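A quick write-up on the structure given underneath.
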Amino acid sequence: MPEVTVAPGDTATTGLTVRNDSDIVEAYSLEVVGDCAPWTTVEPARVSLYPGTSETVTIRLTPPRSPEVRAGEMPLGVRVLPAEHPESVKVLETTVHVGEFHELHSELVPRRRRGWLRGRYRLAVRNQGNTPVEVGFTAGQAGEELAFAFSPAERKLEPGESAEIGLRVRTGKPVWFGAPVVWPFTVDTAETGDQEEPRRDESAVRVPLDAEFVQIPIFPRWLLVVLAALLALLLAWFTLVRPAVRSAAREAATEAVQPRPTPAGEQGAAGQTPGTGTGTGTGAGAGAGSDTAPGGQGTGAPSGSGDGTSADDGTSIGGGRQSSETIDVQTSGGETKTGTYRVPEGSVFGVTDIVVANFQGDEGLLTITFGDRKVTTIALETFRNQDYHWVTPIKIPENDTVTVEVTCEKPGTPASGRQAQGCHEVLNVSGVLSRITQ
469 MPEVTVAPGD TATTGLTVRN DSDIVEAYSL EVVGDCAPWT TVEPARVSLY
519 PGTSETVTIR LTPPRSPEVR AGEMPLGVRV LPAEHPESVK VLETTVHVGE
569 FHELHSELVP RRRRGWLRGR YRLAVRNQGN TPVEVGFTAG QAGEELAFAF
619 SPAERKLEPG ESAEIGLRVR TGKPVWFGAP VVWPFTVDTA ETGDQEEPRR
669 DESAVRVPLD AEFVQIPIFP RWLLVVLAAL LALLLAWFTL VRPAVRSAAR
719 EAATEAVQPR PTPAGEQGAA GQTPGTGTGT GTGAGAGAGS DTAPGGQGTG
769 APSGSGDGTS ADDGTSIGGG RQSSETIDVQ TSGGETKTGT YRVPEGSVFG
819 VTDIVVANFQ GDEGLLTITF GDRKVTTIAL ETFRNQDYHW VTPIKIPEND
869 TVTVEVTCEK PGTPASGRQA QGCHEVLNVS GVLSRITQ
């Protein structure tokens, strides 16, 4: 048989001539053996020949476009088995040259990452061709705001082999205030080394992978509102409240040092008024020194007014008590879970402080909601502990909830040094819990 050259995914044929040199009618069974057998057929697979005659059969080779069929030389054997004389079996051999084809498959996870200055991505690459290749990685963007680093920068892949490459993206300048900035970029995977002419078996140019790095501001937008409120309070203190307090204190001090006029009755009791002789004002002096009103009633304030205590029916008239609740959320990787605290019926919760703990260093998203109002969404990888404070409490009515939603992308590594099985976040919310006035 002649040698055969075939490209993966194509079909090649060759011929084999079978001759009956015996003196009887003989039937021959033909079977392909060797590494080419799974994708090689003989047509027809059985022939019957008279003595001295021959017939040519067709051998059809159809190797699949798969990494399992390596490029290079492969032996091809066809076993010819006579029916009447099986001891005369023969195996005819030749060589099949399997052509090369190159195909790379890559995937970037995640496609979108949030962070203050840097983000981490994972690039999965698989060699789906039938020959070993050296693979290199490049990244780029329209501007020069981002820096990229691949680990490793190059990798050799055997046919069918996969590898995971780390990608670190970093910005040069932080965003202090305002809205998040979106930096789009692309990632490309290509063979490195000495390249020959473009291969005919490769399709159009490989399209780079699109990705984004969302740079979040160092200080959230609500902090500007809090700072503006604090500044307004300070201005009000120095321009209005502080001068009024100083004026009131000055007036009180002046009144304390001024002499008070002496009542006429007290002068009579002393007996020193000129031209009166002995005084008779003891009765008047006694009446002036009494603190009681006619009928024996005192002049103090009525009991129970404005002290913030509860009435007889148990309903709070004013004030409230400090309250603190903790929400613990544990989430498996790739899942989203929520934790809630519900305000008791008949109460209003005035939230002034929240503290969020990401003690494992998990990666993902955390969203805090008060009732129907979304307070904030935080990328877990940007903090370990985070606290928020409000000068004016945020009031949550009865039966509304404080909700924490956690989307776990990658569990972190706690102080034990071993990566956790799932994400674990804790939210503590504090404020004043007041009863609703009935």
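When we follow my numbering, the leftmost residue of the sequence shown carries the number 469, and every step to the right adds one.
Ideal placement from N, C-alpha and C gives every residue a C-beta, glycine not left out.
Since the structure is predicted, the reported quantities are computational estimates derived from the model, not experimental observations.
Once DSSP output is grouped into helix, strand and coil, what is the label at residue i?
i	result
V824	strand
R718	helix
P811	Reading off the sequence shown, one finds Val at residue 811, where the question assumed Pro. If DSSP states are grouped into helix, strand and coil, V811 belongs with coil.
W705	helix
A615	strand
L585	coil
A621	coil
R841	strand
W690	helix
W507	helix
V682	strand
E793	strand
A495	strand
V713	helix
S800	strand
S630	strand
S534	coil
S574	strand
A475	coil
A696	helix
Distance, Cα to Cα, residue i vs residue j?
i	j	result
A621	A696	48 Å
V566	V603	23 Å
T794	T835	15 Å
P476	V525	23 Å
Y856	L701	19 Å
D868	V643	35 Å
T845	R689	12 Å
I686	E612	21 Å
S574	V474	28 Å
P879	T804	13 Å
G899	G788	10 Å
Q609	V894	38 Å
A704	R580	45 Å
F681	V874	20 Å
S556	E511	22 Å
P861	L708	23 Å
P600	P627	6 Å
F605	M469	45 Å
I633	R588	11 Å
Q790	Q798	27 Å
V713	L585	48 Å
L553	E536	According to the sequence as given, residue 553 is His; it is not Leu. Taking the straight line from one Cα to the other gives about 38 Å.
P865	A883	39 Å
G801	W858	33 Å
Specify, as a first and last residue, the run of the beta strand (DSSP E) that residue i falls within.
i	result
G608	V601 to G608
Y518	No beta strand (DSSP E) holds Y518; DSSP gives it neither H nor E.
G545	G540 to P550
L529	S522 to L529
P652	V649 to E659
K558	K558 to V566
R487	A480 to R487
Taking 6 Å as the cut-off, is the C-beta of residue i nearer than that to any heavy atom in the ligand FAD?
i	result
G608	The ligand FAD is absent from the structure shown, which contains no ligands of any kind.
* To do: Write down every uninterrupted run of the alpha helix (DSSP H) in the region 851-901 whose length is 4 residues or greater and which is fully enclosed by it, in chain order.
  => none
* Asked: Can we say the region 499-514 touches the region 536-544, given the rule of at least three CB pairs closer than 8 Å?
  -> yes
* Asked: Below 8 Å, can you find three or more Cβ-Cβ pairs linking the region 587-603 to the region 545-565?
  -> no
* Could you tell me whether the region 478-498 touches the region 514-532, using the rule of 3 or more Cβ pairs below 8 Å? => yes
* Cβ contact check for the region 826-835 and the region 674-689: 3 or more pairs under 8 Å -> no
* **Touch test, the region 691-707 against the region 840-853, Cβ-Cβ under 8 Å, three pairs minimum** => no
* Between the region 570-585 and the region 638-656, do at least 3 Cβ pairs fall closer than 8 Å? -> yes
* Is it a yes or a no for the region 630-649 touching the region 808-826, going by three-plus beta-carbon pairs under 8 Å? -> no
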